[in-house]
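Under the working numbering, the first residue of the sequence shown carries the number 8, and numbering increases by one thereafter. Notes follow the structure.
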Amino acid sequence: MNRLSGAARSGFSRGLIEFRHMFTTTQDLVAFLLPTVIFMVAMAFLRAVPTGAAGLSIGTLMVTSVLGSNVCFSGLLTVSQALSTEREDGTLLRAKAVPNGMLSYLIGKIVFISGATLVSLVITLTYALVVFDEVTVPGPLGWLKLAAVLVFGLFATMPLGAVLGSVFSSPRMTGFISMPIMGLMAVSGILYPITILPVWVQWIAQAFPMYWLGLGMRSALLPDSALAVEIGQSWRGWETFGVLGLWAVIGLALAPAVLRRMARRESGSSVAARREKAMQRIG
């Protein structure tokens with residue numbers, strides 16, 4: 008128990024160090040803030056574009072969908088890129104050599120990425136509450152629902168991100184992950200109401216967490232007039248948490264086994280070989 012609690016403390020400390028490093032390094036900070044700023048600009052331009060829902064604009068709907076997509080991108084892309092990058096540079100091998108080092112490493116990643124996601128959400132939500140009159144948090148229940156969507160969303164995406172990061176040994180290969188995620192973004196109702204798409208496309212979008220993250224955020228922050236552009240004119244709360252929960256179960260079932268398999272295959276020679284290939288590409 009003492010060893011496990013020590014690993015938890017070490018991982019939490021590691022996550023906080025990475026979190027502070029991101030906010031004190033100009034390059035990392037710009038990379039973190041730039042997508043949020045771009046989306047804010049897009050929201051502002053779409054403030055006056057109507058959707059057909061009473062009193063709501065596409066910009067207003069986009070605000071809440073962006074909050075959901077940020078969680079999805081953080082859980083899938085950020086986790087997978089971090090694992091593949093630190094697998095290549097030997098960080099994972101060093102963690103493996105320490106008792107409970109992999110557990111400490113994973114806890115650190117969870118703390119860092121969860122913290123960064125929360126900061127991004129706070130920035131976007133604060134902007135939305137100031138700029139968009141229709142975006143509100145209806146009391147304690149609304150805040151509780153927003154927090155629940157965030158937690159379920161992270162659990163639904165972070166384990167899957169860890170699985171994807173374990174599969175790809177090089178960070179240059181994570182482009183294979185980003186392309187389908189961007190495709191899902193195009194059909195998940197982030198930039199426009201999903202109901203304008205063909206029904207078969209709507210079914211595809213509903214099979215993945217991104218749509219449900221956006222829907223959950225909208226249900227927590229928008230008035231019921233927004234239901235006019237939702238599937239079935241319903242927030243579908245049980246379905247939202249059910250689908251996100253199912254993805255969380257799938258990810259949590261797969262991630263430990265995949266990560267253990269990856270850790271067993273890591274060795275000094277494999278790290279050296281990947282470094283040599285990276286240097287050859289640079290050269």
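Here a beta-carbon is modelled for each residue, glycine too, at the ideal position from N, C-alpha and C. All values reported here derive from a predicted model rather than from experimental measurement.
TODO: Below 6 Å CB to CB, which residues in the same chain sit around Pro166 once its five sequence neighbours on both sides are set aside?
DONE: If we look at Pro166 and ignore the five residues flanking it on each side, its Cβ neighbours are Gly258, Leu259, Ala262.
Task: CB of Val118 within 8 Å of CB of Gly172, strictly - done: Inclusion of Val118 and Gly172 in the CB contact set at 8 Å is not warranted, their separation being larger than that value.
- [ ] Report the three-state DSSP secondary structure of Pro200 (helix, strand or coil).
- [x] Three-state DSSP puts Pro200 in coil, outside helix and strand.
TODO: For the alpha helix (DSSP H) containing Pro166, list its first residue and its last residue.
DONE: It spans 146-174 - the alpha helix (DSSP H) in which Pro166 sits, taken as one unbroken run.
Task: Burial state of Gln213 (16 or more Cβ within 10 Å) - done: Buried is the call here.
Task: Beta-carbon proximity list for Gly75, same chain, < 6 Å, skipping 5 on both sides - done: Here the set comprises Leu220, Gly221, Met224.
- [ ] Using alpha carbons as the reference points, say which of Gly22, Ala233, Gly160, Val137 lies closest to Trp254.
- [x] The candidate whose alpha carbon is nearest that of Trp254 is Gly160.
Open item on the list: By alpha-carbon positions, which one of Ala264, Leu266, Pro200, Val256 ends up nearest to Ser64?
Closed with: Selection Ala264, Leu266, Pro200, Val256 evaluated against Ser64 yields Pro200 as nearest (Cα-Cα).
Open item on the list: Check for me: the alpha helix (DSSP H) holding Ser72 runs from which residue to which?
Closed with: Ser72 -> alpha helix (DSSP H) spans 65-80.
Task: Closest by C-alpha distance to Val78, when choosing among Thr33, Pro145, Met217 - done: Nearest of Thr33, Pro145, Met217 to Val78, Cα basis: Met217.
Task: Beta-carbon contacts of Arg54 that lie in its chain and below 6 Å, excluding the five residues immediately before and after - done: Result list for Arg54: Ser64, Gly66, in chain order.
Open item on the list: For a test of the three-state rule: what should DSSP assign to Pro57, helix, strand or coil?
Closed with: Note: Pro57 maps to strand in three-state DSSP.
Task: Nearest candidate by alpha-carbon position, reference Ser185, set Ile197, Gln34, Gly168 - done: Nearest of Ile197, Gln34, Gly168 to Ser185, Cα basis: Gly168.
TODO: Would you mind sorting Ser121 into buried or exposed? The rule is 16 or more other CB atoms within 10 Å of its CB.
DONE: Under this definition Ser121 is a buried residue.
Open item on the list: Let me check understanding here. Comparing Cα to Cα, which of Ser81, Ala14, Met269 lies closest to Val105?
Closed with: The shortest C-alpha separation from Val105 is found at Ala14.
Open item on the list: Residues in the same chain with beta-carbon distance under 8 Å from Leu110, minus the five sequence neighbours each way, listed in chain order, please.
Closed with: If we look at Leu110 and ignore the five residues flanking it on each side, its Cβ neighbours are Leu11, Ala14, Ala15, Gly18.
- [ ] Using 10 angstroms around the beta-carbon of Ala193, count the other beta-carbons present and answer buried if the total reaches 16, otherwise exposed.
- [x] Exposed, because fewer than 16 other Cβ atoms sit within 10 Å of the Cβ of Ala193.
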